[in-house]
Amino acid sequence: MTWFCQQQASSVPDTSTGTSPTTQYTPPESAQDGKKEQTGHRATSELDDYLDLLRIGEESTDTYPLHGLSSEEVLTTPLFSWSAKLALAELCEDDHVDAHFEQFALLGRGRRRAACEALPTDTTNDTDPLFLNTNAPWSAFLCGSQGSGKSYTLACMLEGCLLPSKSLGRLPKPLQSIVFHYDAWGAGSVCEAAYLCSAGIKVNVLVSPSNYWRLKDAYERIERSEERLQVRKLRLQPKHLNVERMLALMAFNESTGKVPLYMEVINKILRSMAIAGKHRQAFDYRHFIRLLNEEKLSPDQKGPMNLRLQLLESFMDTKNTSFDDFKPAPGSLTIVDLTDPFVDTSTACTLFDICLSLFLEDTSSVGRVIALDEAHKYMTSSSAAERFSDSLLTCIRMQRHAACRIIIATQEPTVSPKLLDLCSITIVHRFTSPAWLAMLRSHLSGICSMAANTDGELREIFEEIVTLKVGESLLFSPSAIVGVDDGRVAKRLGMEVLRFKTRPRLTDDGGRSALAVREI
1 MTWFCQQQAS
11 SVPDTSTGTS
21 PTTQYTPPES
31 AQDGKKEQTG
41 HRATSELDDY
51 LDLLRIGEES
61 TDTYPLHGLS
71 SEEVLTTPLF
81 SWSAKLALAE
91 LCEDDHVDAH
101 FEQFALLGRG
111 RRRAACEALP
121 TDTTNDTDPL
131 FLNTNAPWSA
141 FLCGSQGSGK
151 SYTLACMLEG
161 CLLPSKSLGR
171 LPKPLQSIVF
181 HYDAWGAGSV
191 CEAAYLCSAG
201 IKVNVLVSPS
211 NYWRLKDAYE
221 RIERSEERLQ
231 VRKLRLQPKH
241 LNVERMLALM
251 AFNESTGKVP
261 LYMEVINKIL
271 RSMAIAGKHR
281 QAFDYRHFIR
291 LLNEEKLSPD
301 QKGPMNLRLQ
311 LLESFMDTKN
321 TSFDDFKPAP
331 GSLTIVDLTD
341 PFVDTSTACT
351 LFDICLSLFL
361 EDTSSVGRVI
371 ALDEAHKYMT
381 SSSAAERFSD
391 SLLTCIRMQR
401 HAACRIIIAT
411 QEPTVSPKLL
421 DLCSITIVHR
431 FTSPAWLAML
441 RSHLSGICSM
451 AANTDGELRE
461 IFEEIVTLKV
471 GESLLFSPSA
481 IVGVDDGRVA
491 KRLGMEVLRF
501 KTRPRLTDDG
511 GRSALAVREI
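Start counting the sequence shown at 1; every next residue gets the next number (full-length UniProt numbering).
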């Protein structure tokens with residue numbers, strides 16, 4: 001009753017000020033406690049919902065086939081050792097875990113280095129084979145001096161992706177592959193990957209029309225190439241062209257950074273065609289030429305433009321009579337060899353970029369392998385090379401969704417540091433350049449950790465690289481599963497390095513040195 005009177009008194013208007021005071025209601029302590037209790041119950045219930053979801057994730061780790069790694073992590077590892085494969089097979093049989101490697105290929109064997117702790121202690125130096133997981137997307141960067149074995153390793157990777165063989169592993173679904181090759185020297189040399197035809201792999205070589213006969217003779221000298229190797233002229237059909245590709249093809253002397261005078265007119269024509277929708281089904285090249293001829297260009301503009309058009313038209317098939325060379329064919333290898341005195345590195349990279357996009361446009365379920373052979377010969381500082389490099393970077397970033405495996409073989413690791421950063425496998429063959437080591441040190445965690453303390457350690461690494469034998473290399477692949485401890489604990493390579501030896505090829509070796517006398 002006293003409390004009620006106090007509330008009544010506080011609600012009486014204050015006549016001295018002429019205003020009514022604000023009435024503040026203070027609930028009893030029991031009501032406040034009840035409200036706090038309800039809030040606490042709601043918070044606890046909400047927290048339980050979150051924790052239940054987190055517990056599901058924690059409980060699922062108990063069913064991981066290898067301790068610490070989910071089934072997805074195991075199945076998508078780029079490389080795995082025999083001991084890891086054997087341990088996973090035993091776990092799948094004993095624990096009824098549905099996780100095993102569907103297809104894979106022997107790549108070589110890892111050898112313990114003195115400072116390597118990644119290999120299990122019970123692994124001997126020379127008996128644990130290392131397999132390439134051809135079922136999952138990955139990317140590899142191979143570098144080393146001439147004759148060190150990088151192209152040999154590239155060929156072994158291609159064999160594993162294309163050639164079913166019990167000696168290599170399992171390949172129920174062969175992949176399709178494309179290899180880009182360019183050689184400014186061009187003295188009858190061929191892409192070494194073409195020798196895969198010696199084991200029955202179907203090889204289709206696409207060459208520049210102006211160098212067709214010379215390269216045809218060179219490739220047909222490969223032994224056992226009669227039935228399995230075919231050389232054809234690279235022909236682009238109108239359906240292969242669009243505004244973006246035409247802009248790239250019409251660029252001229254872009255290594256100097258200068259935009260040709262005629263490009264303003266071409267930009268205007270292509271823009272008008274895009275607005276009018278003239279290329280919704282296929283790019284109308286004839287209509288483009290008609291519009292171009294209607295423009296009043298000066299002789300200074302027509303000269304370089306006609307040179308570019310002549311080069312473009314040499315690769316064109318305006319009648320759609322050629323075969324679609326980029327149609328998927330499992331187990332086949334397509335080589336785009338643009339070695340030609342009339343094709344510079346800039347034009348080669350532009351055409352490579354178009355061929356790459358055509359190769360990726362197919363929506364079939366066939367896995368893809370994209371390889372660059374001797375990339376240092378055409379991956380220069382030109383705008384076209386940078387565009388091609390950007391396309392490869394996009395492909396690597398999207399490799400899981402595009403089912404791509406990318407292999408880049410080059411003498412110089414400096415061709416594209418960005419590509420080196422993103423690759424899941426790096427294989428370093430013998431080289432003798434300190435500048436190359438400095439590049440690798442700044443982009444590979446393995447070398448960075450090995451040489452983090454003293455200059456003496458860096459010297460030891462360099463000495464090891466310089467003294468590598470042909471076919472030997474240092475392998476960096478943080479996510480590779482190189483062993484299993486205690487029967488179930490997966491050992492990833494992480495920041496360690498493996499001394500690696502590439503296996504012998506099943507196909508002929510086309511990269512042997514030309515000696516004055518060779519008896520074997």
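Think of the CB as a built atom: it goes at the ideal place given N, C-alpha and C, for glycine as much as any other residue.
Because the structure is a prediction, the values reported are computed rather than measured.
query: Top-ranked residue by Cα proximity to residue 521, from Glu-412, Arg-109, Ile-481; result: Missing from the structure shown is residue 521; the chain here goes from 1 to 520 and no further.
query: N- and C-terminal bounds of the alpha helix (DSSP H) containing Trp-185; result: Element bounds for Trp-185: n/a, residue is neither H nor E.
query: Distance, Ser-477 Cα to Glu-393 Cα; result: Note on residue identity: the sequence assigns Leu, not Glu, to residue 393. Taking the straight line from one Cα to the other gives about 18 Å.
query: Rounded straight-line distance, which links the Cα of Leu-356 to that of Ala-371; result: 10 Å
query: Collapsed DSSP secondary structure at Gln-230 in the structure displayed; result: strand
query: For Gln-176, three-class secondary structure by DSSP; result: strand
query: Spatial distance of Gly-511 from Ala-193 (CA atoms); result: 9 Å
query: Beta-carbon spacing of Ser-189, Ala-155 below 9 Å; result: no
query: Spatial distance of Thr-124 from Leu-88 (CA atoms); result: With a pLDDT of only 42 at Thr-124, under 50, the local geometry of the prediction cannot be trusted, and the value read off the model is given with reservation. Their backbone Cα atoms lie some 19 Å apart in a straight line.
query: Local conformation of Cys-404 per DSSP, three classes; result: strand
query: Same chain, Cβ closer than 6 Å to Pro-174, five either side skipped, listed in chain order; result: Leu-162, Pro-330, Gly-331
query: Three-way DSSP call (helix, strand, coil) for Leu-206 in this model; result: strand
query: Collapsed DSSP secondary structure at Pro-434 in the structure displayed; result: helix
query: C-beta atoms of Phe-283 and Asn-242 nearer than 9 Å; result: yes
query: Complete beta strand (DSSP E) runs within the region 443-517 (minimum length 3 residues, chain order); result: 472-476, 481-485, 489-492, 498-502
query: Integer Cβ distance of Phe-131 from Phe-180, believed to fall under 8 Å; result: At roughly 26 Å, the Cβ-Cβ gap does not stay under 8 Å, so Phe-131 and Phe-180 are not in contact.
query: Buried versus exposed call for Val-74 [16 or more other C-beta atoms within 10 Å across all chains shown]; result: buried
query: Proximity of Ala-348 and Leu-338 at Cβ, strictly below 9 Å; result: yes
query: Burial state of Ala-84, where buried means 16 or more other Cβ atoms lie within 10 Å; result: buried
query: Cβ-Cβ separation, Val-482 to Gly-169 (assumed contact under 8 Å), whole Å; result: That belief does not hold up - the Cβ atoms of Gly-169 and Val-482 are roughly 17 Å apart, past 8 Å.
query: Residue of Leu-54, Asp-508, Trp-82, Arg-42 minimising C-alpha distance to Lys-491; result: Trp-82
query: Helix, strand or coil at Met-157 according to DSSP, with G and I counted as helix; result: helix
query: Short Cβ contact (9 Å threshold) for Ala-402 with Pro-137; result: yes
query: Presumed contact (8 Å Cβ cut-off) between Ile-335 and Leu-206, rounded CB distance; result: 7 Å
query: Short Cβ contact (9 Å threshold) for Phe-141 with Ile-461; result: no
query: Assigned secondary structure, Ile-427 (DSSP; H/G/I helix, E/B strand, else coil); result: strand
query: Sheet register partners of Cys-143 (DSSP bridge); result: Thr-410, Val-428
query: Endpoints, alpha helix (DSSP H) assigned at Ile-354; result: 345-361
query: Rounded separation between Ser-165 and Val-470 - CA only; result: 25 Å
query: Residue-level contact to chain C via CB, Glu-220, 9 Å cutoff; result: Here chain C cannot be found, since the structure has a single protein chain.
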